[in-house]
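Residue numbers (this note's numbering): 3 to 231. C-beta: ideal position from N, C-alpha, C; glycine also. Here the structure is a predicted model, which is why all the values come from computation and not from measurement. In what follows, a single structure is set out as structure tokens and then discussed.
Right under this line is the structure:
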């Protein structure tokens with residue numbers, strides 16, 4: 003299956019993207035109208051890594067916190083609906099050990115499950131290295147259901163930022179089989195300026211979404227949130 007050259011060239015390690023105690027972070031407001039859970043990887047949140055020229059603590063390669071896809075989406079939600087509580091679950095540990103299901107989920111993400119979000123947004127996958135004896139779709143479905151602990155939650159899943167058919171195809175199929183909304187990322191990486199090429203010396207960091215790339219991701223997910231059933 004096709005895999006983007008950008009995916010092959012990503013040299014940002016899936017390890018040590020955050021301290022273990024930071025994998026789940028919850029942000030509270032005074033009068034929340036809903037609870038929103040964001041599940042992702044370095045594109046969602048990566049702590050400072052000066053050894054690769056990254057000094058932020060937000061979605062990698064965005065110029066500031068407010069311009070990553072998470073906080074762009076938070077702003078859209080609050081503008082339309084009012085104040086929200088939101089939770090960010092940095093899921094790179096799951097990507098590395100997806101086949102272990104609850105072992106990795108319970109070890110690191112119980113607080114995100116207990117958050118019982120009304121809206122669950124899943125934008126993850128680029129760090130997964132598939133195992134022949136562990137097809138991804140059932141493990142992906144298990145992960146999504148784990149985070150979507152609120153039976154009334156709206157669930158939006160998505161494809162990968164870099165085209166990775168071995169993941170994008172089963173992710174889309176899982177959404178269809180399980181009745182979740184799906185935000186395709188097809189073509190985003192090929193839009194001029196969508197990656198932060200030239201903005202960072204480290205090639206792996208530079209292949210992450212720029213401010214424009216983050217806007218495009220947020221727009222695709224926003225469209226899925228608002229789509230008619």
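Practice task
Taking residue 111 as part of the alpha helix (DSSP H), name the residues at either end of that continuous run.
Solution key: First-last for residue 111: undefined, no H or E at that position.
Problem - Buried versus exposed call for residue 110 [16 or more other C-beta atoms within 10 Å across all chains shown] - result: buried
Problem - Supposed close pair residue 2, residue 155 - CB separation, criterion 8 Å - result: Coverage of the chain is limited to positions 3 through 231, which leaves residue 2 absent and any answer about it impossible.
Handout entry: Simplified DSSP assignment, three categories, for residue 56
Key = strand
Practice task
Give me whichever residues DSSP pairs with residue 121 in a beta bridge.
Solution key: 38 and 156
Problem - residue 25 (DSSP reduced to helix, strand or coil) - result: coil
Practice task
Can you give me the Cβ contacts of residue 98 inside the same chain, cut-off strictly under 7 Å, excluding the 5 residues immediately before and after it?
Solution key: 16 and 129
Handout entry: Contact under 8 Å by Cβ, residue 91 with residue 40
Key = yes
Problem - Top-ranked residue by Cα proximity to residue 35, from 83, 166, 66 and 68 - result: 83
Handout entry: residue 195 versus residue 202 - alpha carbon distance
Key = 13 Å
Problem - One or two residues paired with residue 30 in a DSSP bridge - result: For residue 30, which the question treats as bridged, DSSP gives no partner whatsoever.
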